[in-house]
Amino acid sequence: MSKGRQALSVRPYQVLAAGFMKRERPAWALLCAPLGALALGMVLAASAAATSAPAPAALGVDAAALAALDQRIKSGELPLVDSLLVMRCDRTFFDRRYAHDYATIYARQAHERGPLNARLTGPYNYFDPAFHPYYQGSDAHSMQSVTKTVTSVLIGIAITRGDFKAPLTTPVLHYYDEHKIRNLDERKRHMTLENLLTMTSGLDWNEDVAYADPSNPSDLMEATDDWIQFVLDRRMIAEPGHVFEYSSGDAQLLADIFRKETHSDIEEYARAHLFKPLGISGWHWKRTPLGIVDTEGGLYLRTADLARIGQLYLNGGLWQGRRIVSADWVRESVTPHIEAGHGYQYGYLWWLLPYGEHGLAWLARGFGGQRLIVFPEEHLIVSSTAWHILEDYSIEKDIIKDLLPAVHPLSCPDAAR
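Given below as structure tokens:
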């Protein structure tokens, strides 16, 4: 599932309160042996990265602010953070990993059936250390609802390349047999592709309740075999386009529609047109019981690869001089389309957070603490992973309150994009 919504009240360089997000998978025998090696590998990788990284001061950032943030993570004051990477002007100057023994931390919950563990075993047991938060002992970390943002990127790439030809005004039901859909009415017939991208479908979908709540529709969807039918059958409660309602179901429909429109599997499309060009490797992408790519929360990426998605958008859709996605799609994606509540606005599966006097941060956000935060005015990118799935906490409030004031004006030299 994805778990993507988090409520925050915003002031200049402050975020005050938080809401909730979501999860990933299992295989017990795998975990015990690799855990020590994985932790050691993380330490060595972080040490190697630190030796070649530029000093924060060279990029206009006070090192003391980063050191204080690092210490708060190490002490557990910021709970169960697994990684933190900060880059500016396309150069990484802080990259840390923090090891946690999740096999022990969630040992009891892993064997108890519940909303986060409806199947007890497999990729949708969010307490299984073989799948959560890392994929089978690798350094690919569950992204949860960050997956939604990557899905938006892929739709933009397909439109840019001419492979996704339907306009965003196309009705969702254009792709489905109305006779096989429950709770059909004119409002459902008016639901468009753009409504899915902006979370304004009008479907009855309340993900504001905790993901550990058995009434959460995202949990209910993941407990079924046919996720697409589950979403299409939901009743309508609003006219499409008028009310923001965070919905993993909206994002999941896009996987099926992408396949129908482009005749391509969205993961294979990502491999060829996003991951390979950006040098992203070692990912994993979960699928539904019927084999459809999980675009609401199933992607696993490494922290540095997540930052590359931010770089691509910060550079207007260019990567090393090559056009990956159109500048128009990037611009439209991070333009506010609707108020999302608690100080947030929403674009095309991107969260948008005003800060300071005129700043607007672009965010991809996922359950458990997955974050990609882009500050375009500062040319600053922060990517972070975590797995505090039972205790809601959002590191972005600390980034905005404590780190951003330590970022000073700097003109980034032109770099080969």
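Here the numbering used here is used: the first residue of the sequence shown is 41, the next is one more, and so on. Note that CB positions come from ideal geometry on N, CA and C, so glycine has one too.
**Request:** May I ask you to list the residues that DSSP assigns as paired with Asp135?
**Result:** DSSP, once it has assigned bridges, lists Leu125 as partnering Asp135.
**Request:** From the DSSP output, read off the bridge partner residues of Leu392.
**Result:** Paired residues: Gln385 and Trp402.
**Message:** Please report the straight-line C-alpha distance between Trp267 and Leu330, rounded to a whole angstrom.
**Reply:** Rounded to whole angstroms, Trp267 to Leu330 spans 8 Å at the Cα level.
**Prompt:** Secondary structure at Gln176, three-state DSSP: helix, strand or coil?
**Reply:** Coil, per DSSP.
**The alpha helix (DSSP H) enclosing Leu346, as first and last residue numbers** = Where Leu346 is concerned, the enclosing alpha helix (DSSP H) starts and stops at Thr343 to Leu354.
**Item:** Nearest candidate by alpha-carbon position, reference Gly383, set Gly399, Met261 and Val370
**Value:** Comparing C-alpha distances from Gly383 to each of Gly399, Met261 and Val370 shows the shortest one belongs to Gly399.
**Spatial distance of Thr144 from Lys437 (CA atoms)** = Thr144 and Lys437: Cα-Cα distance of roughly 28 Å.
**Asked** Is the stretch 162-172 close to the stretch 305-317, with three or more CB pairs under 8 Å?
**Response** No, the stretch 162-172 is not in contact with the stretch 305-317.
**Request:** Can you tell me the Cβ-Cβ gap for Val365 and Ile197, rounded? I've got them flagged as a contact below 8 Å.
**Result:** The distance from the Cβ of Val365 to that of Ile197 is about 5 Å, consistent with a contact at the 8 Å cut-off.
**Message:** Using a 10 Å radius around the Cβ and a threshold of 16 neighbouring Cβ atoms, would you call Ser19 buried or exposed?
**Reply:** Nothing about residue 19 can be read from this structure; the chain reaches only from 41 to 457.
**Request:** Determine the closest residue to Val240 out of His181, Tyr215, Ser288 and Arg405, with distance taken between C-alpha atoms.
**Result:** The residue asked about is misnamed: residue 240 is Thr in this sequence, not Val. Put simply, of His181, Tyr215, Ser288 and Arg405 the residue whose alpha carbon is nearest the alpha carbon of Thr240 is Ser288.
**Request:** Along the beta strand (DSSP E) that carries Ile297, what are the first and last residues, could you check?
**Result:** Per DSSP, Ile297 belongs to no beta strand (DSSP E); it is in the alpha helix (DSSP H), Ser288 to Thr302.
**Prompt:** With C-beta atoms as the reference, is Pro459 less than 8 Å away from Glu431?
**Reply:** Any question about residue 459 goes unanswered here, given that the chain covers just 41 to 457.
**Prompt:** For Trp359, which of helix, strand or coil comes out of DSSP?
**Reply:** Looking at Trp359 - three-state DSSP - the assignment turns out to be strand.
**For His140, the residue or residues it bridges with in DSSP** = Paired residues: none, contrary to the question.
**Prompt:** Can you tell me where the beta strand (DSSP E) with Gln410 in it begins and where it stops?
**Reply:** Element bounds for Gln410: Gln410 to Phe415.
**Message:** Can you tell me whether Leu430 is helix, strand or coil according to DSSP?
**Reply:** Collapsing the DSSP output to three states places Leu430 in coil.
**Message:** Is the separation between the beta-carbon of Asp225 and that of Ala426 shorter than 8 Å?
**Reply:** No.
**Asked** Nearest-angstrom Cα distance between Gly322 and Tyr309?
**Response** Rounded to whole angstroms, Gly322 to Tyr309 spans 16 Å at the Cα level.
**Inter-residue spacing [alpha-carbon to alpha-carbon] between Asp203 and Arg363** = Per the coordinates, the alpha-carbon of Asp203 lies some 15 Å from the alpha-carbon of Arg363.
**Request:** Determine the DSSP secondary structure at Val190, reduced to helix, strand or coil.
**Result:** Val190 carries a helical assignment under DSSP once its states are collapsed to helix, strand and coil.
**Asked** Can you tell me the Cα-Cα spacing of Glu301 and Ala206, whole angstroms?
**Response** In a straight line, the C-alpha of Glu301 is about 7 Å away from that of Ala206.
**Prompt:** Ala250 to Asp110, Cα distance in whole Å?
**Reply:** Rounded to whole angstroms, Ala250 to Asp110 spans 28 Å at the Cα level.
**Request:** Label Ile277 either buried or exposed according to how many other C-beta atoms from any shown protein chain fall within 10 Å of its C-beta, with 16 as the threshold for buried.
**Result:** So Ile277 counts as exposed.
**Prompt:** Can you name, in chain order, every residue of its own chain whose Cβ lies under 8 Å from the Cβ of Arg274, other than the five neighbours on each side?
**Reply:** Answer for Arg274: Asn223, Leu243, Asp244, Trp245, Pro257 and Gly289, listed in chain order.
**Option nearest Asp209 by Cα separation, candidates Lys188, Ile221 and Asn235** = The sequence shown places Thr at residue 209, not Asp. Nearest of Lys188, Ile221 and Asn235 to Thr209, Cα basis: Asn235.
**Item:** CB of Glu336 within 8 Å of CB of Thr232, strictly
**Value:** Contact flag unset, no.
**Request:** Kindly list the residues whose CB is nearer than 6 Å to the CB of Gly100, restricted to its own chain and excluding five residues on each side of it in sequence; keep chain order.
**Result:** So the list reads His448 and Leu450, once near-sequence residues are dropped.
**Asked** Are the beta-carbon atoms belonging to Ile435 and Ser424 less than 8 Å from one another?
**Response** With contacts defined as CB atoms closer than 8 Å, Ile435 and Ser424 qualify as a contacting pair.
**Request:** Closer than 8 Å by C-beta to Ala97: which residues in its own chain qualify, once you throw out the five before and the five after it? Chain order, please.
**Result:** Excluding residues within five positions, the ones whose Cβ falls inside 8 Å are Ala103.
**Message:** Which same chain residues end up closer than 8 Å to Tyr216 when comparing Cβ atoms and leaving out the 5 residues on each side of it in sequence?
**Reply:** Answer for Tyr216: Leu272, listed in chain order.
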